[in-house]
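Notes follow once the structure below has been shown.
In this note's numbering, the protein residues as written are 89 to 333.
Structure (structure tokens):
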């Protein structure tokens, strides 16, 4: 996901290429700090604590308030700030995701102008809207079934981003192995995760299960796309003759 943001948005906001180190790497360090704080809000609660029955926003806000209390900030102010930060994460992610979806759809379909932007935005919002109001029976809302695949799809974007950078670095005669190693690790891990998501659905087919399964079918499509892009990268990568610096 950050690879899409960096290629379509961040890259156009940097004053010079050297700023990418501070913005990109520094941003990831700060996000890691936020992730550690978020984990700590759960870790400080013992098993059976009544606070575990609260919503995710309330648990995060209260945990963050305890953390901010170490710096002299009152608990009520910390809870208010925590809820505001939690809401900001959600709305900012939805905003960026919708905008990126619009960019990609316009690029793939050739839609231009205000009409094209509105149409691409409508299509980007239509699919998640349908999932949100579709019920999967006893398993609850359909979007909850897709949630386990989120991690694999997000890391797949990271693997594809690193693959693209690897091909570019080799073409420029740079040290391409720096991104090739993590790209390989991410690709293998992601493909294994997608395979595990597909496995129950395929086994169910042999036992007379449904031909279509939202999670299994989606994971299979992602696996095929990933393998096609991987094959394309290898085909481009091999004949490249690195340029001398």
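Ideal Cβ placement from N, Cα and C applies to all residues, glycine included. Predicted model only: the values in this text are computed from it and were never measured.
Residue environment analysis places residue 121 among the exposed positions, since fewer than 16 neighbouring C-beta atoms fall within 10 angstroms of its C-beta. Within the region 258-310, there are no complete beta strand (DSSP E) runs of at least 3 residues. Contact check for residue 231 against residue 220 passes: the beta carbons are separated by less than 7 Å.
Boundaries of the alpha helix (DSSP H) around residue 190: 163-197. Taking C-beta separations shorter than 8 Å and ignoring five residues to either side along the sequence, residue 313 has no partners in its chain. With three or more CB-CB distances shorter than 8 Å, the region 146-162 counts as touching the region 113-131.
The alpha-carbon separation between residue 252 and residue 271 amounts to approximately 9 Å.
Rounded to whole angstroms, residue 318 and residue 207 show a C-alpha spacing of 31 Å. For residue 149, the CB contacts under 7 Å within the same chain, skipping 5 residues up- and downstream, are 167, 170, 171, 174 in chain order.
By the neighbour-count criterion, in which a residue is buried when 16 or more other Cβ atoms sit within 10 angstroms of its Cβ, residue 289 is buried. Residue pairing by DSSP places residue 242 in no beta bridge whatsoever. In this structure, residue 267 sits away from residue 243, with a CB-CB distance that is not shorter than 7 Å. The alpha carbon of residue 91 has as its nearest neighbour, out of 247, 176, 222, 255, the alpha carbon of 247.
Excluding residues up to 5 positions away in sequence, 193, 205, 207, 208 lie with their Cβ nearer than 8 Å to the Cβ of residue 199 in the same chain. Taking C-beta atoms under 8 Å as the contact rule, residue 112 and residue 94 qualify, at a distance of about 7 Å.
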